[in-house]
Amino acid sequence: MDDITVAQALTAFAPWLEPTAAELNAIDAEMPLIMAESDLLDAQIATLDRTPSELDARRIRRARRKVLAARAALANQAGTGDVA
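When the letters of the sequence shown are read in order and numbered with my numbering, they come out as residues 306 to 389.
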């Protein structure tokens, strides 16, 4: 059995283990892509146990286009040095 000491519990929440401002900014910049990928995954999961209808197919196509647009926007920001 693993025993956790008080010191381990305190250092688990140490301030230096928190994300830096730069890391948080990077997450914020990637958030549109993360949300687009989440929408695509939701659309795909919805069709796992049934034959996709025309509306399901449209939803998946729309979600894929949204992911591609978000990836392109993120790549363009990375190329110019702009952050969000």
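Even for Gly, the Cβ is constructed at its ideal location relative to N, Cα and C.
If you measure from the CB of Val311, is any heavy atom of the ligand SAH nearer than 6 Å? Ligands in the displayed structure: none, and consequently the ligand SAH is not present.
Find out if the Cβ-Cβ distance for the pair Pro372, Ala334 is shorter than 7 Å. One-based indexing of the sequence shown puts residue 372 at position 67. One-based indexing of the sequence shown puts residue 334 at position 29. It is Val, not Pro, that sits at residue 372 in the sequence shown. No Cβ-Cβ contact shorter than 7 Å links Val372 with Ala334.
Reduced DSSP secondary structure (H/G/I, E/B, other) of Ala375: For the purposes of this step, residue 375 is taken as the residue at position 70 of the sequence shown. Under the three-state reduction of DSSP output, Ala375 falls in the helix class.
Mind checking whether Ala375 and Pro337 have CB atoms under 7 Å apart? In the sequence shown, counting from the first residue as 1, residue 375 sits at position 70. In the sequence shown, counting from the first residue as 1, residue 337 sits at position 32. Cβ distance < 7 Å, so Ala375 and Pro337 count as in contact.
Own chain, CB closer than 8 Å to Leu345, minus 5 neighbours either side, in chain order: Position 40 of the sequence shown, counting from 1, holds the residue named residue 345. The answer, listed in chain order, is Ile365, Ala368, Arg369, Lys371 and Val372.
Mapping DSSP to helix, strand and coil, what is Ser358? Indexing the sequence shown from 1 puts residue 358 at position 53. Three-state result, Ser358: coil.
Once you ignore the five residues that flank Leu379 on each side, which residues in its own chain have a CB closer than 6 Å to its CB? Indexing the sequence shown from 1 puts residue 379 at position 74. So the qualifying residues of the chain are Leu338.
Ignore the nearest five residues each way along the sequence and tell me which others in Pro392's own chain have a CB closer than 8 Å to its CB. Residue 392 falls outside the range modelled here, since the chain spans only 306 to 389, and no answer is possible.
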